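Just so we're aligned, residue 173 is where the sequence shown starts under our numbering, counting upward by one.
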Amino acid sequence: MAQASMPPVQEARSIFGRLGYSVSGDGTDMLAERKWRTVHVTALSSREATECRPVLADGGTETPYRFRCFVTWDDHISALRERLRGIDLPYEWAIIGVSNGSGNDYEVVHGTNT
173 MAQASMPPVQ
183 EARSIFGRLG
193 YSVSGDGTDM
203 LAERKWRTVH
213 VTALSSREAT
223 ECRPVLADGG
233 TETPYRFRCF
243 VTWDDHISAL
253 RERLRGIDLP
263 YEWAIIGVSN
273 GSGNDYEVVH
283 GTNT
């Protein structure tokens with residue numbers, strides 16, 4: 173399962189591109205823009221999704237973007253969602269879980285903080 177150890181960067185770009193977003197940025201952090209909406213997208217490896225890097229847990233640095241999307245492999249959606257749910261984040265968030273077999277198969281989980 174070497175693929176799951178790498179963040180799904182290309183899959184994230186492909187998904188947002190198919191949804192009509194213009195994607196910019198290098199590496200695991202990128203911006204997806206469409207009409208009036210800009211989404212800060214972060215691709216996470218399996219380890220990053222389950223350990224939830226401190227920068228994600230504390231909301232990171234101030235961001236001008238209201239929307240955040242974390243893209244990871246589908247078998248780590250639940251762990252990441254539980255970690256993010258217990259934090260008062262300054263933005264609306266969602267998680268896209270990508271199938272290890274194909275970037276065409278994915279699940280979207282909308283976040284709700286408690």
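Built from N, CA and C at the ideal position, the CB exists for glycine as well. This structure is a prediction, so every number in the text was calculated from the model and none was measured.
Cβ-based burial, residue i [other Cβ within 10 Å; buried from 16]
i: D246; result: buried
i: E220; result: buried
i: W170; result: Limits of the chain in this structure are 173 at one end and 286 at the other, which puts residue 170 out of reach.
i: G269; result: buried
i: H248; result: buried
i: P226; result: Confidence is the limiting factor: at P226 the pLDDT is only 45, short of 50, which leaves the residue's position unreliable, though a coordinate-based value still follows. That one is exposed.
i: V211; result: buried
i: R257; result: exposed
N- and C-terminal bounds of the alpha helix (DSSP H) containing residue i
i: I259; result: Neither: I259 is in no alpha helix (DSSP H) and is coded neither H nor E.
i: S186; result: V181 to R190
i: S271; result: Careful: S271 lies outside any alpha helix (DSSP H), inside the beta strand (DSSP E) at E264 to S271.
i: S196; result: Careful: S196 lies outside any alpha helix (DSSP H), inside the beta strand (DSSP E) at S194 to S196.
i: T222; result: S218 to E223
Contact set for residue i: own chain, Cβ-Cβ below 6 Å, skip 5 residues either direction
i: R190; result: none
i: P179; result: T200, A215, L216 and S217
i: V213; result: A184, M202, A204 and C241
8 Å CB neighbourhood of residue i in its chain, flanking five on each side removed
i: G192; result: R206
i: I187; result: V243, I268, V270, G275 and Y278
First and last residue of the uninterrupted beta strand (DSSP E) at residue i
i: T244; result: F239 to W245
i: T210; result: R209 to A215
i: M178; result: Element bounds for M178: n/a, residue is neither H nor E.
Nonlocal neighbours in the same chain, by C-beta distance under 7 Å from residue i, ignoring five residues either side
i: G197; result: L203
i: A174; result: The predicted model places A174 with a pLDDT of 45, which falls under 50 and marks its position as unreliable, so this point remains unresolved.
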